[in-house]
Amino acid sequence: MNKLLDVCKILFVSICLFSYPITVLSVESNEILSDPELEERARAISKNLRCLVCRNENIDDSNAELAKDLRLLVRERLAIGETNKEITNYVVSRYGEYVLLMPRFNWLNWFLWLCGPIMLILGFIVVIWSFKNKSKTNDFSLSEKERQRIKELLKD
Amino acid sequence: MITELGHFALILAFSLSIVQMIVPMIGVKYRLGNWINLSSALATFQFLFTFISFVALMNAFITSDFSVKLVFKNSHSLKPMLYKVSGTWGNHEGSMLLWVLILTFFGFLVAVFGTNLRSDFKARVLSVQSAIGVCFFAFILFTSNPFQRYDIVPFNGQDLNPLLQDPGLAFHPPFLYMGYVGLSMSFSFAIAALMEGRVDAIWARWVRPWALMAWTFLTVGIAMGSWWAYYELGWGGWWFWDPVENASFMPWLISGALLHSAIVLEKREILKNWTILLAILAFSFSLIGTFIVRSGIITSVHAFANDPTRGIFILIILFIATGGALILFAVQSHKIKSNNTFSLVSRESALVLNNLLLMVSAFVVFIGTLWPLFADLFFDKKLSVGAPFFDLAFTPFFIIIAIILPVGSSLAWKRGNFNRSMTALWPAMIFGIVIGSAIWVLQTGGRMMAPIGISLATWLICGAVADLWSRAQAKTIKSKIKRILNFHRSDFGKLFAHSGLGITIFGIAAITAWEIEDIRVVKEGENFNVGSYNFLFQGVTTGSEKNYLVTRGDFLVKKNGEEIARMYPEKRFYPVARMWTTEASIDQSITRDLYIVIGEKQDDESWSVRTYIKPFANWIWFGALVMALGGLLSISDRRLRFSAGAPRKKMSSRYE
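Same order as they appear, the protein sequences are chains A and B. According to the working numbering, the first sequence is numbered sequentially starting from 21. According to the working numbering, the second sequence is numbered sequentially starting from 4.
Pasting the structure below:
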């Protein structure tokens with residue numbers, strides 16, 4: 021009985037094994053360009069390109085087929101001598117801005133890019149303003165009421 | 004039966020939390036002593052029942068009771084015991100139960116140890132804590148009930164996601180939740196203080212340890228998650244700026260700000276309103292984090308639209324908690340006044356600057372995380388905001404923090420002297436610059452990451468040591484050391500936390516700048532060189548373990564002809580979940596990690612192999628541990644103990 025179970029198990033496992041797509045590693049050895057300078061540029065471009073079917077992964081890190089296609093596309097374009105910018109623009113024209121991991125600076129995204137500095141400056145203004153306010157309220161001179169009270173006390 | 008008991012206990016705890024939210028609050032208002040005094044007992048029983056409920060769920064997982072829907076969906080009888088236990092919180096419903104368990108546990112701690120709190124104040128704190136509890140109990144019972152049963156019991160379970168079957172990840176959520184929920188406690192204190200309209204020294208003394216504890220657990224939790232990603236995901240990335248990571252990183256940044264401003268409040272009784280606001284924001288960001296993770300809205304707007312109940316429920320909790328707290332703040336904050344002054348050059352100013360920079364960097368992460376959602380909802384634009392953006396937009400603020408940190412932390416309170424602080428720090432600064440420039444001259448290739456990062460790291464570490472050293476005022480080295488050993492634990496906490504940050508920055512800079520990657524196909528018996536290491540591929544074996552099949556590569560690593568390691572990278576196949584995972588083999592040492600991943604078998608019997616040399620990788624997580632140790636040291640400082648009335652050690656050197 022136990023043997024039978026084992027056989028079933030092995031059968032089941034092997035069915036699973038063969039019916040399941042086997043993972044491919046991200047960048048594969050046959051993709052790499054022989055010119056190290058071009059390869060480095062390919063990596064730099066890839067870093068900013070999103071694997072469209074994955075979750076927050078660039079095409080270098082992804083195992084998906086689509087990412088592989090994009091990697092090859094980038095390298096093909098590099099080989100015919102296009103600049104990094106031209107290649108990125110080409111990919112964006114095909115897949116839309118969604119493919120860029122680093123959004124462009126434009127009418128929509130200006131706040132995304134500048135929110136840090138804007139907040140820092142605003143924060144500074146608030147801090148300095150409250151600092152000044154504080155030194156004002158900490159004026160140790162007496163108010164009109166207090167003067168009156170002292171006068172009253174001194175009368176006695 | 005036990006499962007039903009757990010379900011019942013959860014409903015009981017829910018009912019008790021409703022009572023605790025209302026009754027002691029009314030007691031405080033109308034000065035009804037008995038009503039107020041109810042709160043400690045209520046908190047205790049709330050915790051007890053939640054605990055019973057959690058244990059009941061864990062029991063269902065351990066005994067593989069597949070009549071419980073949650074167990075069927077997330078467990079399997081062949082799974083190792085450790086992952087059966089961790090399966091309890093390795094899913095949505097169970098993790099929310101863990102969340103309320105920690106929440107009620109903290110309430111219980113306040114109830115038991117809060118003997119030095121005024122009873123009405125304590126009742127208020129516990130009521131607020133219970134109000135949060137009510138929200139989350141309702142959330143669990145009405146939208147994510149872990150105790151649902153099947154009528155017909157399935158034969159076996161569907162298994163826990165194999166990626167999660169890992170010790171690093173098994174204990175990652177509890178740590179993060181301790182952090183998230185720890186911030187609920189400082190939130191409750193803040194709200195109670197606003198209701199009373201006053202903040203005193205005891206208040207600060209209570210808030211600071213909670214903030215510290217939350218920060219410490221978040222530090223460990225985040226480091227564990229990052230370490231897990233490093234060895235499990237297969238290419239050695241350790242931080243991805245993923246929304247889920249950002250969800251824990253934002254509360255970390257804000258709780259960092261909070262614990263610093265709580266120091267100012269405790270020492271100098273200023274920044275009261277600011278500290279309260281930070282406490283509110285810190286917990287709000289915990290809730291935002293929960294919302295991001297639990298609703299799945301960032302990963303896919305469609306996932307959210309398919310089942311919006313949970314997301315909307317958390318969104319409502321978020322609005323009530325944050326909105327209510329901020330309205331209360333607007334109405335009541337004018338009553339709370341801080342009267343002490345400080346000069347522009349002082350520890351106070353430096354800490355204000357620290358707070359500002361931490362908040363701005365948290366804000367950048369916040370906007371970056373939510374921007375794709377915003378663009379989609381309002382402009383119908385599909386955008387991605389990924390790692391390259393965050394690297395560029397976030398890093399500058401942290402560089403500024405690192406530059407000012409050693410100076411700021413050595414300034415005196417109230418009125419500091421910049422020149423005097425710098426006398427002690429010049430050597431550290433010069434040393435940092437020298438090391439940075441040396442690296443810049445020696446390294447090939449023009450990456451500025453290494454020189455800048457490493458000089459900052461040196462500056463942070465040496466600055467922290469120099470600060471401690473200069474504060475021990477004695478003539479001989481021996482008596483100086485004697486003095487230092489008598490310093491408070493929180494001073495060592497500061498030393499460790501700040502230099503831990505330096506160590507992490509060092510690791511990040513080194514791994515980013517100097518990593519070596521090698522991708523190739525090799526046949527059995529072939530060898531290849533990466534950096535100064537020689538790898539001999541000795542073939543592949545296959546086998547089966549309890550719940551997975553394994554393909555294991557065998558590599559012999561030599562350096563200068565001497566064998567230094569055998570490495571066995573694995574590929575695993577989990578038949579139940581039908582998933583592959585890669586288990587990188589990592590040979591760790593202080594100066595570098597060797598990292599091998601085995602890939603596909605090619606047509607000609609060779610295997611694709613990726614090899615990395617990752618310099619100083621361990622330093623990233625080691626630094627985080629040192630930071631967390633700093634947090635622990637600070638919490639354990641006598642002066643911060645909850646029982647403030649305990650006899651104090653005579654202070655040998657006062658120098659704050």
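Positions of the beta carbon are idealized from the N, C-alpha and C atoms, including for glycine. Bear in mind the structure is a predicted one, so any value in this text is a computation, not a measurement.
Interface partners of residue i on chain B, CB under 8 Å
| i | result |
| --- | --- |
| Leu140/A | Leu359, Leu360, Val363, Phe400 |
| Arg97/A | Per Cβ cutoff of 8 Å: no residues; Arg97/A is ~20 Å from chain B at best. |
| Ile52/A | Ile522 |
| Gly197/A | This structure does not reach residue 197/A, given that chain A is present from 21 up to 176, and the question cannot be answered. |
| Asp55/A | Within chain B, no residue comes near Asp55/A; the closest Cβ sits about 16 Å away, beyond 8 Å. |
Buried versus exposed call for residue i [16 or more other C-beta atoms within 10 Å across all chains shown]
| i | result |
| --- | --- |
| Val444/B | exposed |
| Val156/B | exposed |
| Asp470/B | buried |
| Trp149/A | exposed |
| Ile225/B | buried |
| Ser535/B | exposed |
| Asn37/B | exposed |
| Arg657/B | Residue confidence for Arg657/B is low, a pLDDT of 37 falling below 50, so the modelled location carries little weight; the figure read from the coordinates is stated next. Arg657/B comes out exposed. |
| Lys481/B | exposed |
| Gln23/B | buried |
| Arg114/A | exposed |
| Tyr33/B | exposed |
| Phe144/A | exposed |
| Glu60/A | exposed |
Reference residue i; option with closest CA among the options
| i | options | result |
| --- | --- | --- |
| Ile589/B | Ala568/B, Phe111/B, Glu603/B, Asn563/B | Ala568/B |
| Lys574/B | Val553/B, Ser592/B, Lys562/B | Val553/B |
| Ala390/B | Lys384/B, Asp379/B, Val368/B | Val368/B |
| Asp116/B | Trp209/B, Leu361/B, Asn164/B | A quick correction: the sequence has Phe, not Asp, at residue 116/B. Selected option, being the one with the closest Cα: Trp209/B. |
| Val26/B | Gly411/B, Ala431/B, Leu45/B | Leu45/B |
| Ile143/B | Leu120/B, Lys549/B, Arg297/B, Met181/B | Arg297/B |
| Lys617/B | Phe509/B, Gly542/B, Leu106/B, Trp610/B | Phe509/B |
| Glu248/B | Val47/A, Asn76/A, Gly101/A | Asn76/A |
| Leu142/A | Leu120/B, Leu360/B, Gly200/B, Leu408/B | Leu360/B |
| Phe393/B | Met253/B, Gln132/B, Val525/B | Met253/B |
| Ala12/B | Met24/B, Asn148/B, Ile519/B | Asn148/B |
| Ile436/B | Ala282/B, Val533/B, Leu459/B | Leu459/B |
| Gly564/B | Arg595/B, Leu236/B, Asp596/B, Phe531/B | Phe531/B |
| Leu347/B | Asn420/B, Thr312/B, Leu386/B, Val388/B | Asn420/B |
| Ile5/B | Ser639/B, Ile39/B, Thr66/B, Phe190/B | Thr66/B |
| Ile317/B | Ser289/B, Ala333/B, Asp557/B, His337/B | Ser289/B |
| Gly9/B | Phe64/B, Leu284/B, Leu35/B | Phe64/B |
| Asn40/B | Glu96/B, Asn77/B, Ser122/B | Ser122/B |
| Lys604/B | His175/B, Arg613/B, Tyr153/B, Trp277/B | Arg613/B |
| Phe373/B | Ser89/B, Met28/B, Trp244/B | Contrary to the premise, residue 373/B reads as Leu rather than Phe in this sequence. Nearest option by C-alpha distance: Trp244/B. |
Under 7 Å by beta carbon: chain B residues contacting residue i
| i | result |
| --- | --- |
| Ser49/A | Ile522, Arg523, Val524, Ser611 |
| Tyr118/A | Lys385, Leu386, Ser387 |
| Val147/A | Val355, Leu359 |
| Asn68/A | Pro391 |
| Asp81/A | Trp238, Gly240 |
Residue i: contacting residues in chain A (beta-carbon distance under 7 Å)
| i | result |
| --- | --- |
| Ala390/B | Leu121 |
| Ile370/B | Leu132, Cys135 |
| Ala378/B | Leu128 |
| Phe243/B | Asn76 |
Contact set between residue i and chain A, taken where Cβ atoms lie within less than 8 Å
| i | result |
| --- | --- |
| Leu374/B | Checking the sequence, you will find Trp at residue 374/B rather than Leu. Ordered by position in chain A, the residues that pass the 8 Å Cβ test against Trp374/B are Pro123, Asn129, Leu132. |
| Phe366/B | Cys135, Gly136, Met139 |
Minimum Cβ-Cβ distance from residue i to chain C less than 8 Å
| i | result |
| --- | --- |
| Cys135/A | Given the protein chain composition of this structure (A and B), no chain C is represented. |
Interface residues of chain B facing residue i [CB-CB closer than 9 Å]
| i | result |
| --- | --- |
| Asn78/A | Gly389, Ala390, Pro391 |
Q) Unbroken alpha helix (DSSP H) runs of length 4 or more, entirely within the segment 50 to 108 of chain A: which are they? A) Counting whole runs of 4 or more residues, the segment 50 to 108 of chain A contains the alpha helix (DSSP H) stretches 56 to 67, 85 to 99.
Segments of 3+ residues assigned as beta strand (DSSP E) that fall wholly inside the segment 489 to 547 of chain B = As for any beta strand (DSSP E) of minimum length 3 sitting wholly inside the segment 489 to 547 of chain B, the runs are 519 to 525, 530 to 533, 536 to 547, ordered along the chain.
Below 8 Å, how does it come out for the segment 97 to 116 of chain B and the segment 45 to 59 of chain B: are there three or more Cβ pairs, yes or no?
The segment 97 to 116 of chain B is in contact with the segment 45 to 59 of chain B.
- Would you check if the segment 130 to 140 of chain B and the segment 58 to 67 of chain B touch, i.e. whether three or more CB-CB distances between them fall below 8 Å? The segment 58 to 67 of chain B vs the segment 130 to 140 of chain B: no contact.
Is the number of C-beta pairs between the segment 139 to 154 of chain B and the segment 216 to 234 of chain B that are closer than 8 Å three or more?
Cβ pair count under 8 Å is below three, so no.
Next item on the list: Would you check if there are 3 or more beta carbon pairs closer than 8 Å linking the segment 254 to 274 of chain B to the segment 312 to 325 of chain B?
Entry: In the pairwise beta carbon analysis, the segment 254 to 274 of chain B is classified as not touching the segment 312 to 325 of chain B: fewer than three pairs are separated by under 8 Å.
Does the segment 375 to 385 of chain B come within contact of the segment 402 to 420 of chain B, defined as at least 3 CB pairs closer than 8 Å? As far as the Cβ criterion goes, the segment 375 to 385 of chain B does not touch the segment 402 to 420 of chain B, which means the pair count is below three.
Requested in this report: Could you pull out every unbroken alpha helix (DSSP H) segment of at least 4 residues lying fully inside the segment 444 to 487 of chain B, listed in chain order?
Outcome: Within the segment 444 to 487 of chain B, complete alpha helix (DSSP H) segments of at least 4 residues are found at 452 to 474, given in chain order.
#### Entry: 4 or more residues per run - each alpha helix (DSSP H) lying fully within the segment 193 to 261 of chain B
Listed in chain order, the complete alpha helix (DSSP H) runs (minimum 4 residues) inside the segment 193 to 261 of chain B are 204 to 235.
Check: Between the segment 273 to 288 of chain B and the segment 331 to 347 of chain B, do at least 3 Cβ pairs fall closer than 8 Å?
Finding: Flag = yes, the segment 273 to 288 of chain B and the segment 331 to 347 of chain B touch.
Counting pairs of beta carbons, one from the segment 536 to 543 of chain B and one from the segment 503 to 518 of chain B, are three or more of them closer than 8 Å?
They do not touch, by the three-pair rule.
Checklist line | Cβ contact (3+ pairs, closer than 8 Å) linking the segment 94 to 108 of chain B and the segment 178 to 187 of chain B | finding: The segment 94 to 108 of chain B, when compared against the segment 178 to 187 of chain B, does touch it at the 8 Å Cβ threshold.
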